[in-house]
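Participant: First the structure, which I've put down as structure tokens, then a few questions once you've had a look.
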Amino acid sequence: MPECPNCGGEMKFDRKVRMYVCRNCGLMMTRRDLDLLRDKRFEEEKDLVEEYLEWWSTRKKR
Ligand SMILES: [Zn+2]
Numbered sequence: 010m011p012e013c014p015n016c017g018g019e020m021k022f023d024r025k026v027r028m029y030v031c032r033n034c035g036l037m038m039t040r041r042d043l044d045l046l047r048d049k050r051f052e053e054e055k056d057l058v059e060e061y062l063e064w065w066s067t068r069k070k071r
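Each residue of the sequence shown is one higher than the last, beginning at 10 in my numbering.
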């Protein structure tokens, strides 16, 4: 199971939305996003992760 970049929780694939959803915080990511983050590693691509999380939290408020 992929790990949530936000809280480190377990992410489960949701067939309905075709995205990975964190069971803990509800973060949704596509397979591509997860691969991208995993391949680049968080330390190296911290900006990307922060950007994504910022986008995600903005999206959540609306
Ligand atoms: Zn999470």
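Even for Gly, the Cβ is constructed at its ideal location relative to N, Cα and C.
(1) Distance check for Gly18 and Asn33, CA to CA, integer angstroms please.
(2) Roughly how many whole angstroms lie between the Cα atoms of Gly35 and Asp48?
(3) Going by DSSP, which residues form a beta bridge with Lys21?
(4) What residues are listed by DSSP as bridge partners for Glu12?
(5) State yes or no: is the C-beta of Leu36 nearer than 8 Å to some heavy atom of ligand 1?
Facilitator: Once the coordinates are examined:
(1) 6 Å
(2) Distance between the alpha carbons of Gly35 and Asp48: 22 Å.
(3) Val30
(4) Glu19
(5) yes
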